[in-house]
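Visitor: This is the structure, below, for whatever I ask next.
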Amino acid sequence: MSKTIVITGASDGIGAAAARRLQRDGHRVVVVGRSPGKTEAVARGIGADFFVADFTNLGEVRKLAASLDSAYGKIDVLANNAGGVFGDRARTADGFEKTFQINHLAPFLLTTLLLEKLIASRATVIQTTTLHGGMVRGLDLDDLNLDRRYDPVRAYNTAKLENVLFTRELHRRWHAAGISAAAFYPGNVATNFGSETTSRLMRFLATNRLSRAALLTTPEKGADQLVWLAASRPGVDWEPGGYYVKRRPGKNLNRLADDADLARRLWERSEQLTA
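The opening residue of the sequence shown carries number 12 in the numbering used here; numbering runs sequentially from there.
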């Protein structure tokens with residue numbers, strides 16, 4: 012059965028690879044990206060619709076949600092794939108730390124703005140995350156911008172933990188209404204991801220040709236789980252509410268990822284910040 016599948020962060024990397032494969036398999040793919048040129052090139056290359064939105068601007072996220080809601084009678088899959096790890100601390104025009112906004116707050120806002128349509132469509136909501144959220148020792152809901160102690164890698168790992176908590180709470184609140192939520196780890200993928208960070212290790216992995224070949228997987232392989240979750244049957248092929256690694260339930264490396272009260276409070280705080 013053909014599905015309407017919206018993929019953010021689809022102008023390159025695993026988002027673009029997943030878009031190409033899903034469109035080839037007969038689904039109606041909607042490509043969302045930040046770069047107008049790259050986003051249009053991917054979309055035109057596969058004959059897909061496309062929208063441009065910069066997640067450092069929540070106003071653009073709101074416009075994107077309105078455009079998607081108007082353009083499509085149903086959305087079967089929303090893949091929140093946009094994200095990144097960055098360099099020196101920066102605030103967005105909305106006043107939030109950049110990593111936090113792009114990786115968590117913007118996809119949270121997009122999902123909640125589309126929630127009525129997603130429920131009516133009995134949609135799958137997918138979140139791209141990482142194993143490295145296990146390195147986070149605590150999540151201070153009064154300091155989500157990391158004003159007290161900022162580090163680019165810490166900011167990214169914290170945002171990825173927030174992605175898993177968001178998935179858990181989305182499942183708790185809305186699974187009975189028809190939403191199927193899942194988070195997945197694509198592996199260490201050889202893309203431009205991480206090229207802006209000031210972390211020496213992350214920059215080395217992102218930009219060095221030999222390290223990329225030896226340690227990183229291809230975008231096509233990284234996209235496999237996104238494609239699987241998007242095209243398969245929740246409740247049959249995989250259980251909603253979970254975190255997946257290599258098409259299997261992953262073990263959370265952080266006890267915080269299973270903290271239901273923390274997930275609830277993060278959701279409520281995110282609602283306040285995007286109100």
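Backbone N, C-alpha and C define an ideal beta-carbon position, used for all residues, glycine too.
The beta strand (DSSP E) with S191 in it runs from where to where?
Guide: First-last of the beta strand (DSSP E) with S191: S191 to Y196.
Visitor: Can you tell which of F119, D272, N174 and A134 has its C-alpha closest to the C-alpha of V72?
Guide: With distances taken between Cα atoms, V72 lies closest to F119.
Visitor: Under DSSP, the beta strand (DSSP E) around A166 begins and ends at which residues?
Guide: Where A166 is concerned, there is no enclosing beta strand (DSSP E), although the alpha helix (DSSP H) it sits in stretches over P163 to W185.
Visitor: Ends of the beta strand (DSSP E) at T50?
Guide: First-last for T50: P47 to I57, but that is the alpha helix (DSSP H), not the beta strand (DSSP E).
Visitor: Determine, using beta-carbon pairs with one atom in the segment 241-256 and one in the segment 77-85, whether at least three such pairs fall under 8 Å.
Guide: With the cut-off at 8 Å, the segment 241-256 and the segment 77-85 do not touch.
Visitor: Of all the options L121, R276 and A271, which has the alpha carbon lying nearest to the alpha carbon of L69?
Guide: Of the listed residues, the one whose Cα sits closest to L69 is L121.
Visitor: What's the C-alpha gap between A274 and R183?
Guide: Taking the straight line joining both Cα atoms gives about 10 Å.
Visitor: Quick one: measure Cβ to Cβ for R252 and A192, integer angstroms, because I've assumed they're closer than 8 Å.
Guide: As written in the sequence, residue 252 is Gly, which differs from the Arg given in the question. With 8 Å as the limit, G252 and A192 qualify as a contact, their Cβ atoms being about 6 Å apart.
Visitor: Less than 8 Å between the CB atoms is what I'm expecting for K74 and N114, so what's the real figure, rounded?
Guide: About 20 Å separates the two Cβ atoms, so there is no contact after all.
Visitor: Expressed to the nearest angstrom, what Euclidean distance is found between the alpha-carbon atoms of L89 and A117?
Guide: About 13 Å.
Visitor: Applying the criterion that 16 or more other CB atoms from any shown protein chain within 10 Å of the CB defines a buried residue, is A99 buried or exposed?
Guide: For the record, residue 99 in the displayed sequence is Asp; it is not Ala. Looking at its Cβ environment, which holds fewer than 16 other Cβ atoms inside 10 Å, D99 is exposed.
Visitor: In whole angstroms, give me the CA-to-CA distance for R45 and A194.
Guide: Approximately 22 Å, taken between the alpha carbons.
Visitor: Using a Cβ-Cβ cut-off of 7 Å (strictly less than) and excluding sequence neighbours within five positions of A134, which residues of its own chain qualify?
Guide: So the list reads I86, D87, V88, L89 and I190, once near-sequence residues are dropped.
Visitor: What does the Cβ neighbour count give for Q283, buried or exposed, with the cut at 16 atoms within 10 Å?
Guide: Exposed.
Visitor: Taking only the alpha-carbon atoms, compute the straight-line gap between S13 and A76 and give it to the nearest angstrom.
Guide: So the alpha carbons of these two residues sit roughly 22 Å apart.
Visitor: Can we say the segment 226-237 touches the segment 18-36, given the rule of at least three CB pairs closer than 8 Å?
Guide: Because the criterion of three Cβ pairs below 8 Å is met, the segment 226-237 and the segment 18-36 touch.
Visitor: At 4 residues or longer, what runs of the alpha helix (DSSP H) sit wholly inside the segment 123-147?
Guide: Complete alpha helix (DSSP H) runs here, min 4: 126-131.
Visitor: Suppose the cutoff is 7 Å on Cβ atoms and the five residues either side in sequence are ignored; what does the same chain contact list for K49 look like?
Guide: Closer than 7 Å at the Cβ level, and outside the excluded window around K49, lie S22 and D23.
Visitor: Among residues of its own chain, excluding the 5 on either side of G20, which ones have a beta-carbon nearer than 6 Å to its beta-carbon?
Guide: These residues qualify, in order along the chain: G26, N92 and A93.
Visitor: Using a Cβ cut-off of 9 Å (strictly closer), state whether M146 contacts chain D.
Guide: Of the protein chains in this structure there is only one, and it is not chain D.
Visitor: Would you mind sorting E108 into buried or exposed? The rule is 16 or more other CB atoms within 10 Å of its CB.
Guide: By the 10 Å Cβ count, E108 comes out buried.
Visitor: List the whole-angstrom C-beta distance separating L150 from L267, where the pair is believed to meet the contact cut-off of C-beta under 8 Å.
Guide: Rounded, the Cβ-Cβ distance is 6 Å, consistent with contact.
Visitor: For Y161, which residues in the same chain have their Cβ closer than 8 Å to its Cβ, ignoring the five residues on either side in sequence?
Guide: Once the five neighbours on either side are set aside, the close Cβ partners of Y161 are R100 and E108.
Visitor: Could you name the residues that DSSP lists as bridge partners for F62?
Guide: F62 is bridged to V43.
Visitor: In the DSSP assignment, the alpha helix (DSSP H) including T285 goes from what residue to what residue?
Guide: Where T285 is concerned, the enclosing alpha helix (DSSP H) stretches over A271 to T285.
Visitor: Where do the ends of the beta strand (DSSP E) carrying G26 lie?
Guide: It is not in any beta strand (DSSP E) - G26 instead sits in the alpha helix (DSSP H) that spans G24 to R35.
Visitor: Excluding the 5 residues preceding and the 5 following V40 in the sequence, name in chain order all residues of the same chain whose CB lies nearer than 6 Å to its CB.
Guide: Only I16, A30, L33, Q34 and A59 meet the Cβ criterion.
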